[in-house]
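Using this note's numbering, you'd call the opening residue of the sequence shown number 8 and step up by one each time.
Single-structure report; data block below.
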Amino acid sequence: MAEEPPFQRIVTELSRRIRDGEFAPGDRVPSTRRIAREWGVATATATKALTTLRHLGLVRTEPRSGTIVADLAGDAPARSGPRDLTRDRLVRTAIELADAEGLDALSMRAIAARLGAATMSTYRHVADKHELTALMADAAYGEIGYPETGEPLAWRPRIERAARALWTLYRRHPWLPHVDSLFRPLPLPNLLTHDEQILRALDGHGLTPAEMLNHSILIYTQVQSLAMQLEREAQAQSASGISGEEWVARTAPAMAALMTGDRHPVWSRMMAVVTADGFDLDLDALFELGLRTTLDGLAARMPAEPGVGRPDGLAARVDG
8 MAEEPPFQRI VTELSRRIRD GEFAPGDRVP STRRIAREWG VATATATKAL
58 TTLRHLGLVR TEPRSGTIVA DLAGDAPARS GPRDLTRDRL VRTAIELADA
108 EGLDALSMRA IAARLGAATM STYRHVADKH ELTALMADAA YGEIGYPETG
158 EPLAWRPRIE RAARALWTLY RRHPWLPHVD SLFRPLPLPN LLTHDEQILR
208 ALDGHGLTPA EMLNHSILIY TQVQSLAMQL EREAQAQSAS GISGEEWVAR
258 TAPAMAALMT GDRHPVWSRM MAVVTADGFD LDLDALFELG LRTTLDGLAA
308 RMPAEPGVGR PDGLAARVDG
């Protein structure tokens with residue numbers, strides 16, 4: 008008798024756990040990374056196992072939660088025929104997969120399996136995974152638009168609106184900030200729409216084109232780099248199986264040891280206070296602090312009125 012393939016062994020075991028009630032409806036099942044580690048298989052094998060469970064109707068993907076146990080009384084996912092497969096469906100399904108499991112779980116095979124289509128049929132709509140990822144990013148950046156041009160809005164509120172729009176998108180799609188590179192930017196029209204808002208805010212204030220570009224890059228990368236922590240934490244939690252709070256608790260003795268002695272007196276004094284006060288790392292608060300600090304600095308370089316030059320190299324500060 009032929010040996011059961013690795014992915015099928017995983018399917019059999021997880022199916023048993025679900026049917027025996029070890030995993031209740033709504034419970035999160037092991038991620039692809041955790042399955043790969045615990046079963047000693049490749050990520051692709053783990054992805055295939057989860058995909059099979061989805062087609063069996065035992066699990067479903069919940070955005071921001073991952074793969075969870077489905078209500079066994081619900082309907083099984085419908086399969087798509089070749090005529091039902093479109094580029095838009097392909098992109099949206101890929102976004103759902105990346106939202107739930109990260110970019111590492113993204114593959115043409117996994118997407119095809121979700122759609123109930125043959126893997127090769129996906130290549131009728133996109134050339135490869137690289138093109139698909141670019142389409143995903145552009146679609147995501149296009150989820151938030153702006154009012155028509157000519158809208159009267161001061162430079163600072165306009166930049167704040169664009170930065171917060173980007174932050175909202177990165178919160179919604181934690182994989183998104185990892186797609187684009189500063190040195191290898193992708194030609195994404197919808198991303199350029201956000202950048203255009205920042206450039207319009209900077210235009211006409213006496214900044215040179217190079218200064219405008221540098222400031223827009225600085226604002227964009229500031230939001231992007233902070234947002235990268237969202238996916239990194241999700242990856243770390245998936246790989247380790249412990250939450251950020253559990254990690255802090257486990258490393259507390261080692262951190263406390265660093266606070267002894269006088270090698271880092273300011274750090275030790277600060278940590279003692281914030282620990283006693285119950286400090287909570289809040290990325291939303293950090294985003295607002297970073298945005299406010301950056302724009303306060305930019306205000307010192309902006310003239311009070313559009314079109315006013317800066318003969319002395321430094322304009323009067325404005326509060327926006």
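Glycine is no exception: its CB is placed at the ideal position from the N, C-alpha and C atoms.
All values derive from a computational prediction rather than experimental measurement.
What would DSSP say about residue i, mapped onto helix, strand or coil?
i	result
Ile226	helix
Thr93	coil
Thr175	helix
Arg270	coil
Thr3	The requested residue 3 does not occur in the structure, where the chain is confined to residues 8 to 327.
Ala205	The question names Ala, but residue 205 is Ile in the sequence shown. In the structure shown, Ile205 sits in a helix (DSSP, three-state: H, G or I).
Arg35	strand
Arg1	Lying outside 8 to 327, the shown extent of the chain, residue 1 is not represented and no answer is given.
Val186	coil
Ile118	helix
Arg86	In this predicted model, Arg86 has a pLDDT of only 48, less than 50, meaning its place in the structure is not dependable enough to derive any value.
Val133	coil
Ile75	strand
Arg99	helix
Ser250	coil
Glu150	coil
Arg24	helix
Leu160	coil
Glu45	helix
Asp111	helix
Arg168	helix
Asp291	helix
Asp145	helix
Gly304	helix
Ala124	coil
Gly285	coil
Mind reading off the beta-carbon distance from residue i to residue j? Whole number of angstroms is fine, and I expect it under 8 Å.
i	j	result
Gln242	Gly109	6 Å
Glu145	Pro184	One point to set straight first is that residue 145 is Asp, not Glu, in the sequence displayed. Actually they are not in contact, since the Cβ atoms of Asp145 and Pro184 sit about 14 Å apart, beyond 8 Å.
Thr39	Thr54	5 Å
Tyr177	Ala234	3 Å
Glu45	Pro32	Not confirmed; about 22 Å, so no contact.
His132	Leu97	5 Å
His212	Trp162	7 Å
Phe294	Val255	Not a contact, Cβ separation roughly 21 Å.
Trp182	Glu238	6 Å
CB residue i to CB residue j, shorter than 8 Å?
i	j	result
Ala49	Val18	no
Ala119	Thr129	yes
Arg99	Thr74	no
Arg165	Ala101	no
Ala170	Leu298	yes
Leu193	Tyr148	no
Ser22	Leu60	yes
Leu173	His201	yes
Met262	Ala279	no
Leu290	Gln236	yes
Ala141	Leu92	no
Pro13	Thr58	no
So, is residue i buried or exposed, given that buried needs 16 or more other C-beta atoms within 10 angstroms?
i	result
Phe30	buried
Ile205	buried
Gly81	Bear in mind that a pLDDT of 46 at Gly81, under 50, signals an unreliable position, so the number given afterwards is only what the model happens to contain. Result: exposed.
Val76	buried
Leu302	buried
Leu189	exposed
Ala85	Note that Ala85 has pLDDT 45, beneath the 50 cutoff, so the model's placement of it is unreliable and the number below is only indicative. The residue in question, Ala85, is exposed, as its Cβ has fewer than 16 Cβ neighbours within 10 Å.
Ala83	Caution is warranted here: a pLDDT of 42 is assigned to Ala83, below 50, making its placement in the model unreliable, and the coordinate value is therefore given only provisionally. That one is exposed.
Val66	buried
Ile42	buried
Glu252	exposed
Glu309	According to the sequence as given, residue 309 is Met; it is not Glu. It counts as buried.
His180	buried
- Task: Please determine if the stretch 208-226 and the stretch 279-295 are in contact, where contact requires at least 3 C-beta pairs separated by less than 8 Å.
- Result: no
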